[in-house]
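A quick write-up on the structure given underneath.
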Amino acid sequence: MELTIQQQLEKLEHKPTTSRSKTETFQLAQELLKKMTLAEKIGQMFQLAPPEANVEGLKWEHREENSSAKLICEGKVGSILSVTDSETIFKLQKLAVEQSRLGIPLFFAADMIHGCRTGFPINLAMACSFDPDLIERSCRQIAYEVAHTGLNLTFSPMVDLVRDPRWGRVMESNGEDPYLNSQLAAAYVRGYQQGDYSSAYSVAACCKHFVAYGAAEGGREYNTVDMSERELRQHYLSGYKACADAGVASFMTSFNIYDGVPATANKFILRDILRNEWQYDGFVISDYTSSYEMIDHRTARDAREVALQSIVAGLDHEMVSMTYLEHLEELVISGEVEESLIDEAVIHMLQFKYQIGLFDDPYKHLYADREQYMRLPETLNLAKEAALKSVVMLKNDNQTLPLAKQKQKIALIGPLADSNQVVGAWGSLARNEECVSLLSGMKSLIGGENILHTAGCDILGNNRDGFAQAIAVAKSADIIILAVGEDQSMSGEAKSRAYLNIPGVQNELAQALKALNKPLIVIVFSGRPLELGWYAENSDAILQAWFLGNESGSALASILFGDSNPSGKLAMSFPYTVGQIPVYYNQYNTGRPSPNGEYSEYRSCYIDVPNYPLYPFGYGLSYSKFEYMDLVIDKKVLAAAQQLTVSVKICNTSEISGEEVVQLYIKCKNFSVARPNRELKRFKRVMIPTNCSKIIEFTIDKSDLAYYNAEMKSTPENRDYIIYVGSDSNADLSAEFSYLS
317 MELTIQQQLE KLEHKPTTSR SKTETFQLAQ ELLKKMTLAE KIGQMFQLAP PEANVEGLKW
377 EHREENSSAK LICEGKVGSI LSVTDSETIF KLQKLAVEQS RLGIPLFFAA DMIHGCRTGF
437 PINLAMACSF DPDLIERSCR QIAYEVAHTG LNLTFSPMVD LVRDPRWGRV MESNGEDPYL
497 NSQLAAAYVR GYQQGDYSSA YSVAACCKHF VAYGAAEGGR EYNTVDMSER ELRQHYLSGY
557 KACADAGVAS FMTSFNIYDG VPATANKFIL RDILRNEWQY DGFVISDYTS SYEMIDHRTA
617 RDAREVALQS IVAGLDHEMV SMTYLEHLEE LVISGEVEES LIDEAVIHML QFKYQIGLFD
677 DPYKHLYADR EQYMRLPETL NLAKEAALKS VVMLKNDNQT LPLAKQKQKI ALIGPLADSN
737 QVVGAWGSLA RNEECVSLLS GMKSLIGGEN ILHTAGCDIL GNNRDGFAQA IAVAKSADII
797 ILAVGEDQSM SGEAKSRAYL NIPGVQNELA QALKALNKPL IVIVFSGRPL ELGWYAENSD
857 AILQAWFLGN ESGSALASIL FGDSNPSGKL AMSFPYTVGQ IPVYYNQYNT GRPSPNGEYS
917 EYRSCYIDVP NYPLYPFGYG LSYSKFEYMD LVIDKKVLAA AQQLTVSVKI CNTSEISGEE
977 VVQLYIKCKN FSVARPNREL KRFKRVMIPT NCSKIIEFTI DKSDLAYYNA EMKSTPENRD
1037 YIIYVGSDSN ADLSAEFSYL S
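Last residue of the sequence shown: 1057 (the numbering used here), numbering continuous.
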């Protein structure tokens, strides 16, 4: 009697992954390559998204009736996209290893962006932790779940630098700063991959989207990117380079053009920079149908020309598009493409499969009962830690927060007050119904006796019928907590917004509650910075809650009632209004700068809003009060072979212990080309007990002073520099030094 798929999964005996050097995997890949036909080589360059992936009871033995199965058996598929159920993965892999001529295993990949079955905070929120160690630990735990899902690769991290919050995918990013982005990018890779693939619970990472996808004009999804090479190299490449240096398994190209050429077939970025300058030896995959989209870019007349341009540029693996599968063989036969280009790409693909252990165990990461490995207590605890460190307190007048647990009646109002729709976009396999809402989190912590709840209105729409009930509830309370913001579906891919207001009639509800003259605490849920000007003026306290995942309500309740001290810092500036965008801290000066960012005639400024943001990069309040003093540098002139040591004393003058993110910025007073007003170069998260002080030290060297000059060489110049240290990008405690090579 034939075993069921479930029974076959139960009988699997997993084999350990052999740790192999790049030289060994290259030799193994070369030997296998010699046995392959041209068609089989091209098959390794194709990623299939089977249309029947979620169909029950498919008869796989009738492979001629199924185009996907037929392609796999013919050796014309190298990997599978977005299949996440174990039985289907097993079926597909069994076809590849048992029924294709050479038995080359498939790899399985999907977008596990900020969690798997356990939802962690969205990436922009995690960036506000300024904590690479937290991100590395979180990704290690996420990888554990991803591995037990049957996947070999996650399409994460997204390290696109983003300065425009209108862009929907800002929620996947690390924000606006190149240095923070690069530090967190490397942490993602280390967490997922864990150094090598000998761990049974490591997964391969994919750095995306190469290149500069986050700079889409107008913040409109898939839009044109147009910037100078200096801007690309100085600010946008650092996150990708950090991934390459960390050994990321793969790169994904972006949908956009760069310098007029689609990234998917852009030789300058794929060969000149990635392969030649960075010596990257992993594989490069296109994004979903981005190959076909070159026809709409009007840079290729048809799919045949797409294939020609892409292989010459250095694209190894096509996601979903079939231009390679349909046209590469004829291009080789016609002499338009050298077969050596095919071999180069296939070597990358085979090396990857040897590295991750698929030739040791094709069924690696497949388990009969994977749910037992999901949402473990330690994973949920880590998700809560991440949520706690991601919350940013934007305002806290008169120590409105933290709240006492039993002394007052609390009106909890707003469409997001009892919403568990807080996983955020790209939630992977996390389930909203398993998320803790704000109301549930508060009740778990303090009980429900003193909490009065009503929604008041919906997130979207114009229905004000709930206003009267909300006002009545608020009148019966001592304090109002108002939970407002975006629906989680309003951010993510293809979710660009022209306006950054809080939608629907939520602002009207807030104004009606403000008229009651009671303490008003606002909690903002969103996947991007929003316009919060009215709330900044009229509320007593504001928590930026983002979308925090499974432990959202638990974390927020812990902060509201003082069990935890907020410590998040903004990874992206919040504008006063959408008309300021892009507004980011490390902008260039102009020939006519406004002396204080306010209106001044014939200066670079607006007549109706200031130049500066409502809340700057790096900003975030704490229940503790930190004072910075005694900034010391150990030399006034830094030589090329030296390091500069910077020390600063930080005092916690409050009665509450807290964590502070100490930030160091550098400003070059003049240079051969224009440079930003200041640039983040170091940060450190430190715990400072109540009424204690700590001396924090940083070291910098000439690499921190380097900038791309007129000859497009990154180099420090013999100039004067200012160091700023403080709690955000407006830090004013400073010291000056000179560099002399």
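Glycine included, C-beta positions come from ideal geometry on N, C-alpha and C.
Note that the structure is a prediction, hence the values are computed from the model and not measured.
Close CB contacts of LYS952 within its chain, under the 6 Å cut and outside five residues either way in sequence, are with PHE1053 (chain order). The Cβ atoms of LYS997 and ILE966 do not sit closer than 7 Å to each other. Apart from sequence neighbours up to five positions away, the residues of its chain that approach ASN468 with a beta-carbon distance below 8 Å are PHE423, PHE424, ALA425, VAL519, ALA520, ILE672, LEU674, LYS680, HIS681, ordered along the chain. Rounded to whole angstroms, ASP856 and THR770 show a C-alpha spacing of 20 Å. Residue THR961 holds the alpha-carbon nearest to the alpha-carbon of ASP1020 among PRO481, THR961, ARG536, LEU1049. For the pair TRP483 and ALA528, the CB atoms are not nearer than the 7 Å cut-off. Contact check for ASP618 against ALA661 fails: the beta carbons are separated by 7 Å or more.
Looking at GLN343, MET474, ASP449, HIS430, the one whose alpha-carbon comes closest to that of ILE458 is HIS430.
Residue nearest to ALA873 within the set SER973, ALA703, GLU809, GLN785 is ALA703 (criterion: CA-CA distance). Counting only runs of 3 or more residues that sit fully inside the stretch 405–470, the beta strand (DSSP E) segments are 423–426, in chain order.
TYR1055 and ASP950 have their C-alpha atoms roughly 13 Å apart. Rounded to the nearest whole angstrom, the CA to CA distance from TYR689 to THR434 is 11 Å.
When DSSP states are grouped into helix, strand and coil, HIS551 belongs to the helix group. DSSP assignment within the stretch 852–906 yields the following whole alpha helix (DSSP H) runs of 4 residues or more, N-terminal first: 868–876. Here LEU768 is bridged, per DSSP, to ALA727. Nearest C-alpha to LYS983 among LEU930, PRO1032, ILE1038, ASP603: ILE1038. For ILE982, the uninterrupted beta strand (DSSP E) segment begins and ends at 974–984. Residue environment analysis places THR400 among the buried positions, since at least 16 neighbouring C-beta atoms fall within 10 angstroms of its C-beta.
For VAL948, the uninterrupted beta strand (DSSP E) run begins and ends at 942–949, by DSSP. Contact annotation: the stretch 842–851 touches the stretch 801–819, with at least three C-beta pairs closer than 8 Å. Judged by DSSP in its simplified three-state form, GLY630 adopts coil rather than helix or strand. Around the Cβ of PRO731, a 10 Å sphere holds 16 or more other Cβ atoms; the residue is buried. For TYR683 against HIS464, the beta-carbon gap comes to about 6 Å, under 8 Å, which counts as contact.
With a threshold of 16 other beta carbon atoms within 10 Å, LYS885 meets it and is buried. Around the beta carbon of ASN986, fewer than 16 other beta carbons sit within 10 angstroms, so the residue counts as exposed. Per DSSP, the unbroken alpha helix (DSSP H) holding CYS389 starts and ends at 383–389. A residue is called buried when at least 16 other Cβ atoms come within 10 angstroms of its Cβ; ILE663 meets this threshold and is buried. Sequence-distant Cβ neighbours of ASP676 in its own chain, meaning closer than 8 Å and more than five residues away, are LYS331, PRO332, THR333, THR334. Three or more Cβ pairs closer than 8 Å define a contact, and the stretch 572–579 meets that threshold against the stretch 537–553. Counting along the chain, LYS1000 sits inside the beta strand (DSSP E) bounded by residues 995–1004.
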